[in-house]
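Going letter by letter, the sequence shown gives residues 72 to 460 in the numbering used here.
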Amino acid sequence: MKIIAFLGEKFYKKNSTTFYCSSDSYKFIQQSFEKEKIIYSSQLKEYKDEPFTSILHSDKFYEVPFIDSNLNLVKHIINPIKLKKLIHTFDNIIKENSGSIFWVRNPALISILFTMRVMKHQERLISHFCADVKGISSSKYKFIKWILAIIIEKYILFCMKKIELYNDSIIFCTGSILHNRYKNSHYLLDIQTPQNYYPEQDDRENNFFLFVGRIQDDKGIFELLSAFKKYLITEKDKVQKLKFVGSGCDSKKLQQKIHDFGLEKNVDYLGPKNKEELYSLYNNCHCVIVPSKNKYEGFPRVIVESWYFRKPVIVSNVGGISGLAEHNINCILIDNIDVDKITQSLSKITDDIYYASIKTNLEKQTDITSTNYWKNKVIKEVNRKFHHD
């Protein structure tokens with residue numbers, strides 16, 4: 072079977088067959104299906120020294136306009152000529168590959184629009200709902216942008232319901248909220264954990280706390296930094312380092328805050344890292360902290376990646392996280408996250424007895440941290456629905 076993977080993420084073109092990106096979602100699709108039968112499509116522009124963590128090699132890549140937000144996409148397609156051109160681009164991709172299975176990573180607006188065209192052409196569809204847009208507008212925008220964002224949000228939710236009801240489709244959802252909302256869906260984590268990588272401890276073990284993710288305010292990075300500063304005052308004999316990994320719009324602000332707090336010796340901003348570098352960081356950290364304030368979180372891959380390395384996670388109870396994250400079992404789950412709660416959690420996770428109990432539980436939790444576990448679920452459902460061997 073041929074798979075057309077519409078990823079809805081931003082890619083940078085190095086040359087005709089080499090593309091850079093900061094996401095690994097395509098790797099899961101590569102592992103689930105025959106690599107030579109996958110054709111990719113996503114937002115694409117020429118590479119100009121943008122940070123990236125992954126390299127995709129593909130002989131064919133369908134390019135769609137590189138637009139950095141749902142709001143800007145609406146501004147783009149308000150122009151009827153540009154809208155017609157975008158629909159024409161989508162239709163050409165679909166017609167050239169009629170009879171294929173179209174895997175679409177939703178719910179970015181550009182992905183939703185592509186999905187609606189797939190349904191219009193009555194093609195087979197796999198839709199992966201990987202984040203929840205419900206309520207996102209009220210937390211991110213104000214005034215005119217808020218009104219426009221509300222309209223976009225309502226439209227996306229309307230389309231997601233139509234997608235769920237489309238007969239020739241499989242719906243995968245990441246996060247318990249989405250999975251419970253869309254009753255015909257199947258739970259999925261499109262993770263990429265090592266296949267033949269065996270963690271080795273070294274003398275840096277338990278030496279630092281770790282944050283991995285987008286460096287922006289709504290990920291809770293500044294609350295984490297303030298909490299770590301408070302933690303250092305009382306916990307002088309425990310973990311004394313915090314490392315931030317990732318890139319984002321608030322990276323310069325974060326570095327300035329580190330300086331303002333006088334934490335240059337205790338806090339490192341490392342920028343984006345590739346998978347091999349991340350594996351080393353996961354392997355040698357004390358625990359990973361995911362203090363997101365976003366209610367639309369599906370289930371961040373960083374949590375499962377941390378669990379693969381048997382590392383506890385301090386995580387905020389937002390979005391669909393609570394579906395697999397269990398308080399005092401495989402994580403510390405924080406409701407209504409704030410600085411004081413993070414500070415208390417940092418102290419708690421450095422208690423030797425408590426830490427050992429979480430580690431013991433993680434040793435028993437191997438299925439959900441395996442790429443093969445989720446890949447096999449996908450293959451089984453695709454074969455059942457579309458009758459392929």
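Where a beta carbon is used, it is the ideal one built from N, C-alpha and C, also for glycine.
These numbers come from a predicted model, not from an experiment.
Inter-residue spacing [alpha-carbon to alpha-carbon] between G391 and N177: 15 Å
Neighbour-count burial assignment, I241, 16 or more Cβ in a 10 Å radius: buried
Spatial neighbours of P136 within its chain, please: CB distance less than 6 Å, with the 5 preceding and 5 following residues excluded, ordered by chain position. none
Under three-state DSSP, which class holds S198? strand
Please report the Cβ distance between K84 and F90, rounded to the nearest whole angstrom; I am assuming they are in contact, meaning their Cβ atoms lie under 8 Å. Correct: roughly 6 Å between the Cβ atoms.
Counting beta carbon pairs with one atom in the stretch 360-368 and one in the stretch 135-154, are three or more of them shorter than 8 Å? no
Go through its chain and collect everything with a Cβ distance to E306's Cβ below 8 Å, but skip five positions before and after it. Result list for E306: L417, S418 and T421, in chain order.
So the alpha helix (DSSP H) H147 belongs to, where does it begin and stop? N141 to I148
Cβ-based burial, G342 [other Cβ within 10 Å; buried from 16]: exposed
Cross-strand partners of E117 (DSSP beta bridge): K84
Where the alpha helix (DSSP H) containing R372 begins and where it ends: For R372, the enclosing alpha helix (DSSP H) has its first and last residue at R372 to Y379.
Going along the chain, which residues of its own chain have a beta-carbon closer than 6 Å to the beta-carbon of F173, five neighbours each way excluded? Listed in chain order, the non-local C-beta contacts of F173 below 6 Å within the same chain comprise I75, V189, E194 and L196, local neighbours out to five positions each way being set aside.
Alpha carbon to alpha carbon, what distance is there between F200 and N399? 28 Å
For the structure I just gave you, are there three or more beta carbon pairs, one from the stretch 377-385 and one from the stretch 339-359, closer than 8 Å? yes
Hey, which unbroken runs of the beta strand (DSSP E) at 3 residues or more fall wholly within the stretch 155-187? 172-177
Name the residue from I413, Y118, E294 and L395 whose alpha carbon lies nearest to the alpha carbon of Y258. L395
First and last residue of the beta strand (DSSP E) that includes I292? Taken as a continuous stretch (DSSP letters only), I292 belongs to no beta strand (DSSP E), being part of the alpha helix (DSSP H) at I292 to T305.
State the start and end residues of the unbroken beta strand (DSSP E) segment that holds H458. First-last for H458: undefined, no H or E at that position.
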